DNA sequence: TGAAATGTTGGGGCG
DNA sequence: ACGCCCCAACATTTC
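Residue numbers (our numbering): -16 to 478.
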């Protein structure tokens, strides 16, 4: 018996008549490495795990359609995992505070546990909930279950939040030493539930239409799926990550983002798995793949740091000179971009991958983002909203950071003149056109030379490939070089 | 985590 | 053998 088991064992003896505690699941849909759950169990009380579906508590940023699909399946897996421990995960709809109050009143709950959140609306909500519980002398315990480093744990030498990634990450790496992840509970005491809960299906998270069919082929939501993705990536991907990560046709990236978003796996678990992997290899061997991968975990941390300290950035540019930027809203242009009909194959491939699988490779996110904000001069918020609705990994911190970054209005942002050339990017990162052929099949028969710029292909080449521009595939909706000049002019003005 | 424009260098062709 | 030109390759600057 290890120390932990003895500890909880000691409490178990007195627990038979002890009052239960509540554990609120939010974006931490896992049993392993879960500090709030572990603490709740270690308190010696029977634990009532609860998930409350309360989208209105997330303000303007309640989960989009793709995220809801994921959430449904993740919750379903989580409920199964609890069932194996003979515990029921309770589902409720409505206001979290009211659910908690009911459980306190009718089920004698005397303590509440959760892992902290960092989204502006969530911070506000949880702060109030905590205060109201404290006022009534109900125990409240919150934990860090989502970050290597919480936003208030690092600051610049001047005592300000970081706004540039490199010094932020350097500081975090010096500071943090993630330990071994906590084990999943082997056993739990269940409480006798006296409160009526609802069914997962009552949340109505699944889409009415079957657009999510392809999602099922691509993804395995839940803790188990997350664990498998991680070990597969550590085994086959991480050593070549630095070289392979930018090629969207390949499998060079971990694809852990949706799992991380809902906390099906924690960054601590990721970090630890990377360390174990490195320790197995020869030392002083260099570890460019691992460093490069961990710095992506770092960007996630940076996103949370920025979101916490600059909560308005979900809707407003961080840089004040972007106030009143003359974005050119056009419903038609936005629609063409959303549907992947811009006439730029790499952009269209990305947008269609997103629509069909709920995910897009990061290199392509940058390309389509640059295209929206610079070539079309459509506001980054339009892009952020579309991604919010369609991405299974839609995460307020990452989405906000990414869009403000690409627009040039945010933290450590691309300088205003950094405009991606969709043809060059495509030729560099999809040299054989595999990615474009997969997602834009109407161009599949074009030779490599023309796959990324069909409008320049000779007529006979187009004909042979069965491509008629304007009919089977759109003409480019804008001329990139003209659009670039126009964007440079505007961006220069606001500098 | 950019791309284009401009500047520099050096080898080879050629008178 | 020399100077000149061209231009690719690379470096630097600029947007």
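Beta carbons: idealized from backbone N, C-alpha and C, even for Gly.
All figures in this text were calculated on a predicted structure; none of them were measured in a lab.
For the beta strand (DSSP E) holding residue i, just list the boundary residues, first then last.
| i | result |
| --- | --- |
| residue 231 | Per DSSP, residue 231 belongs to no beta strand (DSSP E) and is neither H nor E. |
| residue 5 | 4 to 8 |
| residue 480 | Here the chain has residues from -16 to 478 only, and residue 480 is not among them. |
| residue 61 | Counting along the chain, residue 61 falls outside any beta strand (DSSP E), though it belongs to the alpha helix (DSSP H) covering 48 to 67. |
| residue 74 | 73 to 76 |
If we count the other Cβ atoms within 10 Å of its Cβ and call it buried at 16 or more, is residue i buried or exposed?
| i | result |
| --- | --- |
| residue -14 | Residue confidence for residue -14 is low, a pLDDT of 39 falling below 50, so the modelled location carries little weight and cannot support an answer. |
| residue 478 | exposed |
| residue -9 | Reliability fails at residue -9, whose pLDDT of 42 lies under 50, so the model's placement of it is uncertain and no value is given. |
| residue 382 | buried |
| residue 222 | buried |
| residue -7 | Per-residue confidence for residue -7 stands at a pLDDT of 39, beneath the threshold of 50, marking its modelled position as unreliable; no derived number is given. |
| residue 262 | exposed |
| residue 116 | buried |
| residue 455 | exposed |
| residue 464 | exposed |
| residue 247 | buried |
| residue 458 | exposed |
| residue -11 | Caution is warranted here: a pLDDT of 39 is assigned to residue -11, below 50, making its placement in the model unreliable, and the coordinate value is therefore given only provisionally. Answer is exposed; the Cβ neighbour count stays below 16. |
| residue 3 | buried |
| residue 112 | buried |
| residue -16 | A caution first: residue -16 carries a pLDDT of 35, below 50, which makes its placement in the model unreliable, though a value can still be read off. With fewer than 16 Cβ atoms within 10 Å of its Cβ, residue -16 is classed as exposed. |
| residue -4 | Any reading at residue -4 must be qualified, since the residue scores a pLDDT of 39, below 50, and its modelled position is unreliable; no value is offered. |
| residue 66 | exposed |
| residue 214 | exposed |
Check whether the Cβ atoms of residue i and residue j lie closer than 9 Å to each other.
| i | j | result |
| --- | --- | --- |
| residue 323 | residue 331 | yes |
| residue 468 | residue 447 | no |
| residue 343 | residue 374 | yes |
| residue 167 | residue 16 | yes |
| residue 450 | residue 425 | yes |
| residue 95 | residue 70 | no |
| residue 134 | residue 288 | yes |
| residue 301 | residue 394 | yes |
| residue 416 | residue 431 | yes |
| residue 224 | residue 286 | no |
| residue 435 | residue 406 | yes |
| residue 329 | residue 419 | yes |
| residue 44 | residue 363 | no |
| residue 181 | residue 155 | no |
| residue 336 | residue 422 | yes |
| residue 367 | residue 305 | no |
| residue 239 | residue 384 | no |
| residue 5 | residue 34 | no |
| residue 320 | residue 354 | yes |
| residue 90 | residue 174 | yes |
| residue 346 | residue 230 | yes |
| residue 212 | residue 242 | yes |
| residue 136 | residue 158 | yes |
| residue 190 | residue 23 | no |
Looking at the strands, I want to know which residues DSSP matches up with residue i.
| i | result |
| --- | --- |
| residue 94 | 4, 122 |
| residue 452 | 456 |
| residue 181 | 74 |
Residue range of the alpha helix (DSSP H) that residue i falls in?
| i | result |
| --- | --- |
| residue 285 | 271 to 292 |
| residue 432 | 431 to 434 |
| residue 387 | 379 to 390 |
| residue 399 | Counting along the chain, residue 399 falls outside any alpha helix (DSSP H), and DSSP gives it neither H nor E. |
| residue 494 | Not covered by the structure: residue 494. The range shown for the chain is -16 to 478. |
| residue 201 | 196 to 201 |
| residue 213 | 206 to 219 |
| residue 447 | 442 to 447 |
| residue 23 | 18 to 25 |
| residue 343 | Neither: residue 343 is in no alpha helix (DSSP H) and is coded neither H nor E. |
| residue 158 | 148 to 158 |
| residue 368 | 363 to 373 |
| residue 414 | Neither: residue 414 is in no alpha helix (DSSP H) and is coded neither H nor E. |
| residue 256 | 250 to 263 |
| residue 225 | 224 to 227 |
| residue 477 | 463 to 477 |
Touching by the beta-carbon criterion (3+ pairs, under 8 Å), the region 11 to 19 and the region 117 to 132: yes
Using a Cβ distance threshold of 8 Å, determine whether the region 358 to 369 contacts the region 309 to 320, with at least three qualifying pairs required. yes
For the region 370 to 379 against the region 393 to 407, do three or more pairs of beta-carbon atoms, one drawn from each stretch, fall closer than 8 Å, so that the two count as touching? no
Quick check: the region 172 to 190 against the region 53 to 62, are at least 3 beta-carbon pairs closer than 8 Å? yes
Any contact between the region 200 to 210 and the region 67 to 81? By contact I mean 3 or more CB pairs, one from each, below 8 Å. no
Inter-stretch contact (C-beta, 8 Å, three-pair minimum) for the region 250 to 261 and the region 162 to 177: yes
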